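Enquirer:
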Amino acid sequence: MTLRIGNASGFYGDRFDAMREMLTGGELDVLTGDYLAELTMLILGRDRLKDPDAGYARTFLRQSEECLGLAHERGVRIVTNAGGLNPAGLADAVRRLADRLGIPVRVAHVAGDDLTAAHPGSLAAHAYLGGFGITECLRAGVDVVVTGRVTDAALVTGPAAAHFGWSETEYDRLAGAVVAGHVLECGAQATGGNYAFFRDGDARRPGFPLAELHEDGSCVITKHPGTGGFVDVGTVTAQLLYETAGARYAGPDVTARLDTIRLSQDGPDRVRIEGVCGEAPPPTLKVGLNRLGGFRNEVVFVLTGLDIEAKAALVREQLEPALGKVADVRWELACTDRPDAPTEETASALLRLVVRDPDQGAVGRVLSGAAVELALASYPGFHVLAPPGKGSPYGVFEDVYVPHGSVDHVAVLHDGRRIPVPPAHDTAVLDAVPQPSLPQPPEPGPTRRAPLGLVAGARSGDKGGNANVGVWARTDDAWRWLAHELTADRFRELIPESRELTVVRHVLPNLRALNFVVEGILGAGVAAQHRFDPQAKALGEWLRSRHLEIPEALL
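In our numbering, the protein residues as written are -14 to 540.
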């Protein structure tokens, strides 16, 4: 017995046509859509400040207007977290849409994640719920399930538990579904999107992924026939490492052991995942807190030709009096200029000024006036990419943890019945696993200085103020070298931004992978835009571009 679960959205703003493509491209039992991220919750929170009836992903409604009839005709159930901060509101909106279109679908929603009232000062505070609220809805025969903040993988574990009749303590099966859900959650990232070795296939328009889930928790990751992109062990490995950390991948229903995963190519565009072990979940639930941190502004000065550093020093000195009372001032000089450049753009460097303060006036009019007044009174060739604005609000993300029992997890059915979802039956404190043994290092031999990316892939992402960088080898020989060469100290050497930060290395031999967590590199999270790449999306690619001594046998 196989359950075919597809994904049609990896974030709020993903490809609009994906829902139709997934419903018409091949067989499916369940179609999921992941619309939420840390930044999305802040955006929806600001929407709700303007309109109490808002707070959900409106894109899903527009997609449903096109596709709800298709899903009904094909018997495909839809499970989505597009409810965001207002799942009841989105469920009602879908019901009104279905009535208007004459489509007889039953719509339910999951509630209980909203803890904003218990966290004064937060714009949005939501617990990451598990999948059993979704399970209860599907067991009651509904066609569309709308949730708020559940874990991304819950969109798969909930339908799997409903379909196969799993209990809350069948941890190995649940862990297998969590891993499948983690692969699917980011859409086309599992099918060649954002992939280090994108030239291995046609990545111009990747199809969206689906999982063929089995009763024992194993699955095959694939995609509909004829769609773009590709699925291989590498694309699946990359997504497994995305926004994870150590061997224990904790969730509200189960802790999945990433160090037990076994991957194998099961045919063209088919990767089998098996062997996943699960453990009882931790005793607490993660709660994501979003609050407004103040106001932010920026201006980028273009410095062209000679004396780049002296020009940067001049403009900094000129602006210093206007910035003296600003709470946070950051300057970054990106030396993108080249000597004797053939174009003006390649002869130019960029000096970026970012300011933050609780007072909008301090980063708005004061900065814009001071910067604009320099137009005829600063370095030669003065100009900026765009004039500074009035200052915009920025958000701060942090996570806290609450006991399972402090959340009223409930499935609200299409007929109004409310089914309470009990907290986890058993829990276990989340401890780090012992570091596994490393493979034998390769025999000494000639080396050549070359980019790391010639022999290793990487994918990076954000978790609050931390970033993770997963690095994997494509062959056993490369793994033997990588496991010994790329230590936490070497990582700090290659990524200078991390030298004063805590860097934790996790070893995952089954995936031939290392996962590095860089603590605090993103400041107060993506919404605070602490660095040039605020979500660390390209941190892994920067690492791959760094040069080190690599055995010639691997090149």
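The C-beta atom is built at its ideal place from N, Cα and C for all residues, glycine as well.
Quantities reported herein were computed from a predicted structural model and do not represent experimental measurements.
Exposed or buried, what is glycine 211 when buried is set at 16 or more other beta-carbons lying within 10 Å of its beta-carbon?
Expert: Along the sequence shown, one-based indexing puts residue 211 at 226. When all chains shown are included, glycine 211 counts as exposed.
Enquirer: Assuming the contact rule is C-beta atoms closer than 8 Å, alanine 332 and arginine 341 should be a hit. Round their C-beta distance to whole Å, please.
Expert: Locating residue 332 in the sequence shown gives position 347, where the first residue counts as 1. Locating residue 341 in the sequence shown gives position 356, where the first residue counts as 1. About 31 Å; that fails the 8 Å criterion.
Enquirer: Secondary structure at tryptophan 151, three-state DSSP: helix, strand or coil?
Expert: Against the sequence shown, residue 151 aligns to sequence position 166. Three-state DSSP puts tryptophan 151 in coil, outside helix and strand.
Enquirer: Count the other C-beta atoms from every protein chain shown that fall within 10 angstroms of the C-beta of arginine 134, then say buried if there are 16 or more, exposed otherwise.
Expert: In the sequence shown, counting from the first residue as 1, residue 134 sits at position 149. With 16 or more Cβ atoms within 10 Å of its Cβ, arginine 134 is classed as buried.
Enquirer: Taking the alpha carbon of valine 261 as the point to measure from, which residue in Asp411, Ala162 and Arg(-11) has its own alpha carbon closest?
Expert: For the purposes of this step, residue 261 is taken as the residue at position 276 of the sequence shown. Checking every option, the nearest Cα to that of valine 261 belongs to Ala162.
Enquirer: Could you check the C-alpha separation between isoleucine 63 and proline 268 for me, to the nearest Å?
Expert: Against the sequence shown, residue 63 aligns to sequence position 78. Against the sequence shown, residue 268 aligns to sequence position 283. Going by the C-alpha atoms only, they are around 30 Å apart.
Enquirer: Is alanine 139 near leucine 114, with beta carbons less than 8 Å apart?
Expert: Sequence index remark: in the sequence shown, residue 139 carries index 154 (1-based). Sequence index remark: in the sequence shown, residue 114 carries index 129 (1-based). Yes. Within cutoff.
Enquirer: Quick check on this structure: which residue in Gly30, Val311, Val511 and Phe501 has the alpha carbon closest to the alpha carbon of leucine 528?
Expert: Stepping through the sequence shown from its first residue, residue 528 is reached at position 543. Leucine 528 has its Cα closest to that of Phe501, out of Gly30, Val311, Val511 and Phe501.
Enquirer: If contact is defined by three or more beta carbon pairs under 8 Å, each pair taking one atom from either stretch, is the region 38 to 46 in contact with the region 67 to 81?
Expert: Yes, they touch.
Enquirer: Is glycine 143 closer than 8 Å to glycine 172 when the C-beta atoms are compared?
Expert: What you label residue 172 is simply residue 187 of the sequence shown in a count that begins at 1. What you label residue 143 is simply residue 158 of the sequence shown in a count that begins at 1. Against a cut-off of 8 Å, the Cβ pair of glycine 143 and glycine 172 comes out as no contact.
Enquirer: Suppose contacts are defined by Cβ-Cβ distances below 8 Å. Is serine 263 in contact with threonine 229 by that definition?
Expert: For this step, residue 263 is matched to residue 278 along the sequence shown. For this step, residue 229 is matched to residue 244 along the sequence shown. Note that residue 263 corresponds to glycine in the displayed sequence, not to serine. No, the Cβ-Cβ distance between glycine 263 and threonine 229 is not below 8 Å.
Enquirer: For a minimum of 3 consecutive residues, which ranges assigned as the beta strand (DSSP E) are wholly contained in the region 414 to 467?
Expert: Listed in chain order, they are 432 to 436, 441 to 448 and 451 to 458.
Enquirer: Below 8 Å, can you find three or more Cβ-Cβ pairs linking the region 272 to 282 to the region 16 to 32?
Expert: Yes, the region 272 to 282 touches the region 16 to 32.
Enquirer: Which parts of the region 108 to 168 are runs of the beta strand (DSSP E), unbroken and 3 residues or longer, counting only runs that do not cross its ends?
Expert: Complete beta strand (DSSP E) runs here, min 3: 109 to 112 and 129 to 131.
Enquirer: Of the residues Glu526, Val164, Ser(-6) and Ala443, which one's Cα is nearest the Cα of arginine 257?
Expert: To locate residue 257, count along the sequence shown from 1; it is residue 272. Selected option, being the one with the closest Cα: Val164.
Enquirer: Would you mind reading off the limits of the beta strand (DSSP E) that contains cysteine 262?
Expert: By 1-based counting over the sequence shown, the position of residue 262 is 277. Counting along the chain, the beta strand (DSSP E) containing cysteine 262 begins and ends at 262 to 264.
Enquirer: Can you list, in chain order, the residues of its chain whose CB lies under 7 Å from that of alanine 67, leaving out five sequence neighbours each side?
Expert: Numbered from 1 along the sequence shown, position 82 holds the residue referred to as residue 67. Around alanine 67: Gly18, Tyr20, Tyr41, Ala42, Phe45, Leu75 and Val131.
Enquirer: In chain order, what residues of the same chain lie with their CB nearer than 6 Å to the CB of glutamine 174, ignoring the 5 residues before and after it?
Expert: In the sequence shown, residue 174 corresponds to position 189, counting from 1. Once the five neighbours on either side are set aside, the close Cβ partners of glutamine 174 are Gln224.
Enquirer: Between the Cα of leucine 423 and the Cα atoms of Gly290, Pro266 and Leu499, which residue gives the shortest distance?
Expert: What you label residue 423 is simply residue 438 of the sequence shown in a count that begins at 1. Checked all of Gly290, Pro266 and Leu499; the closest Cα to leucine 423 is Leu499.
Enquirer: Taking Cβ to Cβ, would you say histidine 515 is nearer than 8 Å to glycine 508?
Expert: The residue labelled residue 515 in the question sits at position 530 within the sequence shown. The residue labelled residue 508 in the question sits at position 523 within the sequence shown. Contact flag set, yes.
Enquirer: Does the region 94 to 108 come into contact with the region 395 to 411, if we say contact requires no fewer than three beta-carbon pairs (one atom in each stretch) closer than 8 Å?
Expert: At 8 Å Cβ cutoff, the stretches touch.
Enquirer: In chain order, what residues of the same chain lie with their CB nearer than 7 Å to the CB of arginine 247, ignoring the 5 residues before and after it?
Expert: Against the sequence shown, residue 247 aligns to sequence position 262. Around arginine 247: Glu259, Gly260 and Asn495.
Enquirer: Taking only runs that begin and end inside the region 268 to 314, name each unbroken beta strand (DSSP E) of 3 or more residues, in chain order.
Expert: If we require 3 residues or more, the beta strand (DSSP E) runs fully inside the region 268 to 314 come out as 269 to 289.
Enquirer: At 4 residues or longer, and completely inside the region 314 to 370: list those alpha helix (DSSP H) runs for me, N to C.
Expert: Here the runs fully enclosed are 345 to 348 and 350 to 357.
Enquirer: Report the three-state DSSP secondary structure of histidine 469 (helix, strand or coil).
Expert: To locate residue 469, count along the sequence shown from 1; it is residue 484. The answer is helix: DSSP assigns histidine 469 an H, G or I state.
Enquirer: Once DSSP output is grouped into helix, strand and coil, what is the label at glutamine 520?
Expert: Residue numbering aside, residue 520 sits at position 535 when the sequence shown is read from its first letter. Coil.
Enquirer: Run through DSSP, which three-state label would glutamate 228 get?
Expert: By 1-based counting over the sequence shown, the position of residue 228 is 243. In the structure shown, glutamate 228 sits in coil (DSSP, three-state: anything other than H, G, I, E or B).
Enquirer: For the region 189 to 240, list the alpha helix (DSSP H) runs that are entirely contained and at least 4 residues long, ordered along the chain.
Expert: You should have 218 to 226.
Enquirer: In the DSSP output, what is aspartate 384 paired with across the bridge?
Expert: For the purposes of this step, residue 384 is identified with residue 399 of the sequence shown, where counting begins at 1. Gly273, per the DSSP bridge assignment.
Enquirer: Quick one: what's got a C-beta closer than 7 Å to proline 191's C-beta in the same chain, skipping five residues either side?
Expert: Numbered from 1 along the sequence shown, position 206 holds the residue referred to as residue 191. Excluding positions up to five away in sequence, the list reads Ala173, Thr176, Gly177, Gly178, Gly213 and Gly214.
Enquirer: State yes or no: is the C-beta of aspartate 531 within less than 8 Å of the C-beta of proline 421?
Expert: Translated into the one-based positions of the sequence shown, residue 531 becomes position 546. Translated into the one-based positions of the sequence shown, residue 421 becomes position 436. Looking at the sequence shown, residue 531 is not aspartate but arginine. For arginine 531 and proline 421, no; Cβs fall outside 8 Å.
Enquirer: Could you tell me which residues DSSP pairs with glycine 11 in its beta bridges?
Expert: Position 26 of the sequence shown, counted from the start, is the residue given in the question as residue 11. Bridge partners of glycine 11: none, in fact.
Enquirer: I want to know whether the region 483 to 491 touches the region 424 to 433 - three or more CB-CB distances under 8 Å.
Expert: The region 483 to 491, when compared against the region 424 to 433, does not touch it at the 8 Å Cβ threshold.
Enquirer: Pop quiz: valine 339 and glutamate 302 are said to be a contact at Cβ under 8 Å. What is the actual Cβ separation, rounded to whole angstroms?
Expert: As a working note, residue 339 is residue 354 in the sequence shown. As a working note, residue 302 is residue 317 in the sequence shown. Contact doesn't hold; Cβ gap of about 18 Å is too wide.
Enquirer: Would you mind working out which of Lys296, Ala538 and Cys52 sits nearest tryptophan 464, comparing C-alpha positions?
Expert: Taking the sequence shown and counting its residues from 1, the one referred to as residue 464 is at position 479. Among Lys296, Ala538 and Cys52, the Cα nearest to that of tryptophan 464 is on Ala538.
Enquirer: Taking the alpha carbon of serine 203 as the point to measure from, which residue in Leu27, Lys35, Gly231 and Ala160 has its own alpha carbon closest?
Expert: Here residue 203 corresponds to residue number 218 of the sequence shown, with the count starting at 1. For serine 203, the nearest C-alpha among the options comes from Ala160.
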